[in-house]
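Chemist:
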Amino acid sequence: MSTMTLEKLRADIAALLEDAPESFGDDENLMDLGLDSMRAMNLAMQWDEDGVPLDFADLAEAPTVAGLWALLSERQG
Numbered sequence: 012m013s014t015m016t017l018e019k020l021r022a023d024i025a026a027l028l029e030d031a032p033e034s035f036g037d038d039e040n041l042m043d044l045g046l047d048s049m050r051a052m053n054l055a056m057q058w059d060e061d062g063v064p065l066d067f068a069d070l071a072e073a074p075t076v077a078g079l080w081a082l083l084s085e086r087q088g
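If you want our numbering, it's the 1-based position in the sequence shown plus 11.
#1: Work out the CA separation of D37 and P64 for me, nearest whole Å.
#2: Excluding the 5 residues preceding and the 5 following L44 in the sequence, name in chain order all residues of the same chain whose CB lies nearer than 8 Å to its CB.
#3: Would you identify the three-state DSSP class for V76, choosing helix, strand or coil?
#4: Quick one: give me the first and last residue of the alpha helix (DSSP H) that S48 is part of.
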C-alpha cells in the first residue's frame, strides 16, 4: 500500500479539477468545485492503482479534503 500525504491528496484532486492545490480549502465540497462522478471515479481508480485505501464511495460520503484525509488517516494508521 502506498502512503498518501495530505499534499499528495490535494495535488491529485487539484490535477483532476485542473486547478492549483492551494485554490480550495480543506472543508470545501469538492463536488461543488467540479469533481463530478466521472472525475471522482477516475481519481478512485488512480488511488486504487497506487494502493491508496480510498474509493468512489469515500469520495461521495466525504467530499472534502478534510473528510478524505480523516478517513485515510484512520486506514493508514
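Note that beta-carbon positions come from the ideal geometry of N, C-alpha and C, so glycine has one too.
Modeler: On the basis of the coordinates in this document:
#1: Locating residue 64 in the sequence shown gives position 53, where the first residue counts as 1. Locating residue 37 in the sequence shown gives position 26, where the first residue counts as 1. Between P64 and D37, the C-alpha separation is close to 19 Å.
#2: For the purposes of this step, residue 44 is taken as residue 33 along the sequence shown, with counting starting at 1. Same-chain partners within the cutoff: L28, D30 and F35.
#3: What you label residue 76 is simply residue 65 of the sequence shown in a count that begins at 1. Three-state DSSP puts V76 in a helix.
#4: Stepping through the sequence shown from its first residue, residue 48 is reached at position 37. Start and end: S48 to E60.
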